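See below for the structure under consideration.
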Amino acid sequence: MDISLRTHPRTQDLGYSRAWETGMCSSADARDAVAALLAAARPAPLRRSVQDAQLVVSELVTNAEKHAPGPCALSLELRPGAHALRICVTDTSSSPPRPRPPDPARVGGHGLHLVRMLSRDLEVTALPDGKRVTATVPLVSEGGGARGEG
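Per UniProt numbering, the sequence shown runs over residues 1 to 150.
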């Protein structure tokens with residue numbers, strides 16, 4: 001007797017949000033949140049995609065911690081069928097992030113270049129009490145293809 005097997009696509013968004021009221025954002029917590037969220041994604045993204053998303057979130061949260069006094073927040077969004085993770089970091093600085101000129105001899109200051117290189121889109125939105133930086137990181141599934149529009 002043959003039994004047909006059907007798979008049902010996930011129909012709900014996967015998401016995460018966290019606010020740090022003390023102004024001490026945690027890039028380690030942000031990287032862990034990305035790993036946990038993407039572990040629940042189906043189809044599962046490749047390890048490299050997870051690492052890219054973790055690097056982007058770490059850079060964005062670290063920039064918020066270094067350059068913006070006060071609280072910051074993180075939200076992650078993965079829609080059903082999406083092949084990109086949306087990462088939003090909100091902070092209290094009204095100044096947009098500015099890339100430093102490339103300098104291979106300099107230690108540090110390369111984060112925004114990495115974020116731009118790994119993200120499909122990078123957007124800065126002015127808010128009444130700061131800004132929101134949104135990066136969209138493409139994900140590749142274990143099947144080898146992109147996971148869809150996000």
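Note that CB positions come from ideal geometry on N, CA and C, so glycine has one too. Keep in mind it's a predicted model, so treat the numbers as computed, not measured.
Counting C-beta pairs with one atom in each stretch, the region 75 to 93 and the region 126 to 139 have three or more that are closer than 8 Å, which means they touch. Per DSSP, V50 is one residue of the alpha helix (DSSP H) stretching across 47 to 67. In the structure shown, A126 adopts extended strand secondary structure according to DSSP, grouped into three states. DSSP places G15 in the strand class (E or B) of the three-state scheme. When only Cα atoms are considered, A84 and C72 end up about 23 Å apart.
For the set L127, L76, S141, T92, the Cα lying nearest the Cα of E21 is the one of T92. Around the Cβ of L127, a 10 Å sphere holds fewer than 16 other Cβ atoms; the residue is exposed.
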